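Residue numbers (the numbering used here): 4 to 96. We put the CB at the ideal spot given by N, CA and C, even for glycine. Quick caveat: nothing in here was measured; it's all calculated off a predicted structure.
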């Protein structure tokens, strides 16, 4: 019999601990720029080319933050290296 399966449930905190801002938190993207929420709604995205440009710009800015794995990421990676079957369920909204 193999090692038991480990299920990891994570959310926005996993990203924020690595330097990636969430959407609704105190320093969240939507609090800093209330118009940013429009960037993720289908109707606004499809209706306005400027919204699409801003959406892609925002994604590029987040990618450029230089986020690094935090202790939780490293723990999951260590479980995998040890041969433990891991499944990650995440909701980052």
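Among the options, nearest to residue i - alpha-carbon criterion
i          : options        : result
residue 94 : 86, 6, 25      : 25
residue 42 : 58, 84, 51, 29 : 58
residue 38 : 54, 4, 83, 77  : 54
residue 77 : 47, 17, 62, 49 : 17
As assigned by DSSP and simplified to three states, the class of residue i
i          : result
residue 19 : helix
Alpha helix (DSSP H) segment containing residue i, residue limits
i          : result
residue 10 : Per DSSP, residue 10 belongs to no alpha helix (DSSP H); it is in the beta strand (DSSP E), 9-14.
residue 27 : Where residue 27 is concerned, there is no enclosing alpha helix (DSSP H), given that its DSSP letter is neither H nor E.
residue 79 : 74-84
residue 49 : 45-50
Cβ contact (3+ pairs, closer than 8 Å) linking the stretch 70-84 and the stretch 15-22
yes
Count Cβ pairs between the stretch 82-89 and the stretch 5-17 that sit closer than 8 Å; are there 3 or more?
yes
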